[in-house]
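Before any comments, here is the structure.
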Amino acid sequence: MKKINSINYGHKIISSASICLIVVPVICYFLWSLTKQEQFQLFAIASLVLGFLILLFLFVLLKIELYQDKKIAEYFKANEKTRVALKNGFYECQTCGNTRIQQEQKSCIICGTKFKDWSDDDGSK
Ligand SMILES: [Zn+2]
Numbered sequence: 866m867k868k869i870n871s872i873n874y875g876h877k878i879i880s881s882a883s884i885c886l887i888v889v890p891v892i893c894y895f896l897w898s899l900t901k902q903e904q905f906q907l908f909a910i911a912s913l914v915l916g917f918l919i920l921l922f923l924f925v926l927l928k929i930e931l932y933q934d935k936k937i938a939e940y941f942k943a944n945e946k947t948r949v950a951l952k953n954g955f956y957e958c959q960t961c962g963n964t965r966i967q968q969e970q971k972s973c974i975i976c977g978t979k980f981k982d983w984s985d986d987d988g989s990k
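First residue of the sequence shown? That's 866 in the working numbering, and the numbers climb one at a time after it.
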């Protein structure tokens, strides 16, 4: 599943909901008070319903995003004290991202993390 990042479009969803919940109903109210035509009331109600549906959609998106963030944080925490072999022969520290770790190093020279799997991955190459 694609990672949801509401920072890119959250403000657009909130703007759309605000237009449906505030701007359109206020305009409809003024038009209704001027003309006394029932359609403007119905249009205002439809706009309010649409605005609440947009807010509900945003709420569901935020719940999914928070769940995804929690899973990523758990994965990061579980692999924090490990190193990953890179194609250029070096290793990457999973705590700080240092990519200049050599095979025989037991710890990271940047952040000081002692790797728990340093002896597991050096016999294969
Ligand atoms: Zn490090």
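Yeah, the Cβ is synthetic: ideal placement off N, Cα and C, and Gly gets one too.
Computed from a prediction, not measured in an experiment: that's the story for all the values here.
Backbone CA spacing between residue i and residue j [nearest angstrom]
i: Ser871; j: Cys976; result: 32 Å
i: Val889; j: Glu903; result: 15 Å
i: Ile974; j: Lys946; result: 13 Å
i: Ser898; j: Leu920; result: 28 Å
i: Phe905; j: Ile878; result: 24 Å
i: Met866; j: Thr964; result: 28 Å
i: Thr960; j: His876; result: 33 Å
i: Ser972; j: Glu939; result: 22 Å
i: Asp987; j: Phe924; result: Any reading at Asp987 must be qualified, since the residue scores a pLDDT of 47, below 50, and its modelled position is unreliable; no value is offered.
i: Lys981; j: Ser912; result: 58 Å
Status (buried if at least 16 other CB within 10 Å, exposed otherwise) for residue i
i: Gly962; result: exposed
i: Ala943; result: exposed
i: Phe922; result: exposed
i: Ile818; result: As displayed, the chain neither begins before 866 nor continues past 990, which places residue 818 out of reach and without an answer.
i: Thr900; result: exposed
i: Gln968; result: exposed
i: Phe941; result: exposed
beta-carbon residue i near ligand 1 non-hydrogen atom, thresh 6 Å
i: Ile975; result: yes
i: Asn944; result: no
i: Thr978; result: yes
i: Cys893; result: no
i: Thr960; result: yes
i: Asn870; result: no
Chain C within 7 Å of residue i, Cβ atoms only
i: Glu945; result: As a matter of chain content, chain C is missing from the structure shown, which is built from one protein chain.
Proximity test, residue i beta-carbon vs ligand 2 heavy atom, cut-off 6 Å
i: Asn963; result: Absence of ligand 2 is noted for the structure shown, with ligand 1 being the only ligands found.
Taking the runs of the alpha helix (DSSP H) that are 4 residues or longer, which of them lie wholly in the region 872 to 922? Runs found: 875 to 883, 889 to 900.
Inter-stretch contact at 8 Å, needing at least 3 Cβ pairs: the region 929 to 939 / the region 951 to 963: Proximity of the region 929 to 939 to the region 951 to 963 falls short of the contact definition, fewer than three beta-carbon pairs being nearer than 8 Å.
Evaluate the contact criterion for the region 879 to 895 versus the region 909 to 916: three or more CB pairs, one atom per stretch, below 8 Å. A contact between stretches requires three or more CB pairs, one per stretch, nearer than 8 Å, and the region 879 to 895 meets this requirement with the region 909 to 916.
Can you list, in chain order, the stretches of the beta strand (DSSP E) that have 3 or more residues and sit fully within the region 952 to 983? Fully enclosed beta strand (DSSP E) runs of 3 or longer: 956 to 958.
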